[in-house]
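Participant:
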Amino acid sequence: MQQLDLEQIAPLVPEALGRFFHEHPRVALAYSGGCDSVFLLACALASGAEVRPFTVNTAFQYAFEADDARLAADQLGSETSLLALDIFAHPEVTANPPDRCYRCKKVIFTTIKEAAAREGIEVLIDGTNASDDPARRPGFRAIEELGVYSPLREANLTKDAIRDLSRQMGLVTADKPNYSCLATRVEANCPIMPELLASFVQEDWRKRETSV
Numbered sequence: 000m001q002q003l004d005l006e007q008i009a010p011l012v013p014e015a016l017g018r019f020f021h022e023h024p025r026v027a028l029a030y031s032g033g034c035d036s037v038f039l040l041a042c043a044l045a046s047g048a049e050v051r052p053f054t055v056n057t058a059f060q061y062a063f064e065a066d067d068a069r070l071a072a073d074q075l076g077s078e079t080s081l082l083a084l085d086i087f088a089h090p091e092v093t094a095n096p097p098d099r100c101y102r103c104k105k106v107i108f109t110t111i112k113e114a115a116a117r118e119g120i121e122v123l124i125d126g127t128n129a130s131d132d133p134a135r136r137p138g139f140r141a142i143e144e145l146g147v148y149s150p151l152r153e154a155n156l157t158k159d160a161i162r163d164l165s166r167q168m169g170l171v172t173a174d175k176p177n178y179s180c181l182a183t184r185v186e187a188n189c190p191i192m193p194e195l196l197a198s199f200v201q202e203d204w205r206k207r208e209t210s211v
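The sequence shown: position 132 = 131 (the numbering used here), numbered continuously.
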């Protein structure tokens, strides 16, 4: 994949994001490799910020998502740090209570904050945008409690605006679909087991094979 020229991306960075990275020149990024976090990485780099992307890999995501995240970072001349997290070591999450999403986000962002702190980075940012509804995203509570910044939301950038700017920048993730967490398929209060998640992945692959 051809690496993009950050100098050509720089004029497309929204002014509010440019100001944010001027005020916070060294940040850690919760980086999934999705449209929002890749766009945020591009804006940070094009603004001259020192940014460390951290990708947390758990059994709740498809295995290919970590590879996608690495490839998208490569396009920007960056490198993501992969943090392996054994989510099954956190029974408060896998017990699958109604607030599972909050508990899971708390574990994930705490893991990133600790990794960033070991590198002397105090500011953590994420790709929450202005289209995300706090009423439907329990993870907002974890973000607020841990003091995570959400520059896209603060800049009032919607999902549509982010996709449009991503296309103009030539980002590989401009039209990438959102992949939901595998745990969302499990009814609340039903424990999440490795075998159950594996069955979801196998089912999805069967559907893809039959649709080709």
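Quick reminder that beta carbons are idealized off the backbone N, C-alpha and C, glycines included. Just so you know, these numbers come straight off a predicted model, no measurement behind them.
CA-CA distance, R162 and C34?
Facilitator: Here residue 162 refers to the residue found at position 163 of the sequence shown. Here residue 34 refers to the residue found at position 35 of the sequence shown. Each residue's Cα considered, the two are about 7 Å apart.
Participant: How close, in whole Å, do the beta carbons of T93 and P190 come, if the pair is a contact with beta carbons under 8 Å?
Facilitator: Sequence index remark: in the sequence shown, residue 93 carries index 94 (1-based). Sequence index remark: in the sequence shown, residue 190 carries index 191 (1-based). Contact flag correct, Cβ pair sits at about 6 Å.
Participant: If N95 and A187 are in contact, beta carbons under 8 Å, what's the gap, nearest whole angstrom?
Facilitator: As a working mapping, residue 95 is identified with position 96 in the sequence shown. As a working mapping, residue 187 is identified with position 188 in the sequence shown. Indeed, because the Cβ distance is near 6 Å, the residues count as touching under 8 Å.
Participant: Given this structure, state the Cα-to-Cα distance separating T109 from L145, to the nearest angstrom.
Facilitator: Along the sequence shown, read from residue 1 onward, the residue named residue 109 stands at position 110. Along the sequence shown, read from residue 1 onward, the residue named residue 145 stands at position 146. Their Cα atoms are separated by approximately 8 Å.
Participant: Could you name the residues of the same chain whose beta carbon sits closer than 8 Å to that of L195, not counting the 5 residues immediately before and after it, in chain order?
Facilitator: Walking along the sequence shown from the start, residue 195 turns up at place 196. Same-chain partners within the cutoff: V185.
Participant: Tell me which residues share the same chain as H23 and place their Cβ nearer than 6 Å to its Cβ, disregarding the 5 neighbours each side in the sequence.
Facilitator: Here the question's residue 23 lines up with position 24 in the sequence shown. Closer than 6 Å at the Cβ level, and outside the excluded window around H23, lie V122.
Participant: Is the beta carbon of D125 closer than 9 Å to that of S179?
Facilitator: Taking the first residue of the sequence shown as 1, we reach residue 179 at position 180. Taking the first residue of the sequence shown as 1, we reach residue 125 at position 126. No, Cβ-Cβ distance for S179 and D125 is not below 9 Å.
Participant: So, do the stretch 2–16 and the stretch 50–66 have three or more beta carbon pairs nearer to each other than 8 Å?
Facilitator: Contact fails: fewer than three Cβ-Cβ distances are below 8 Å.
Participant: Could you tell me which residues DSSP puts in a beta bridge with R51?
Facilitator: For the purposes of this step, residue 51 is identified with residue 52 of the sequence shown, where counting begins at 1. Looking at the DSSP assignment, R51 forms a beta bridge with A27.
Participant: If you run the structure through DSSP and keep just helix, strand and coil, what is T37?
Facilitator: For the purposes of this step, residue 37 is identified with residue 38 of the sequence shown, where counting begins at 1. Before going on, a small fix: residue 37 reads as Val here, not Thr. V37 falls in the helix class under three-state DSSP.
Participant: Taking the alpha-carbon positions, what's the E6 to E202 distance?
Facilitator: Counting from 1 along the sequence shown, the entry for residue 6 is found at position 7. Counting from 1 along the sequence shown, the entry for residue 202 is found at position 203. Near 44 Å, if we compare the C-alpha coordinates of E202 and E6.
Participant: So, are the CB atoms of G119 and R69 less than 9 Å apart?
Facilitator: Here the question's residue 119 lines up with position 120 in the sequence shown. Here the question's residue 69 lines up with position 70 in the sequence shown. No. Outside cutoff.
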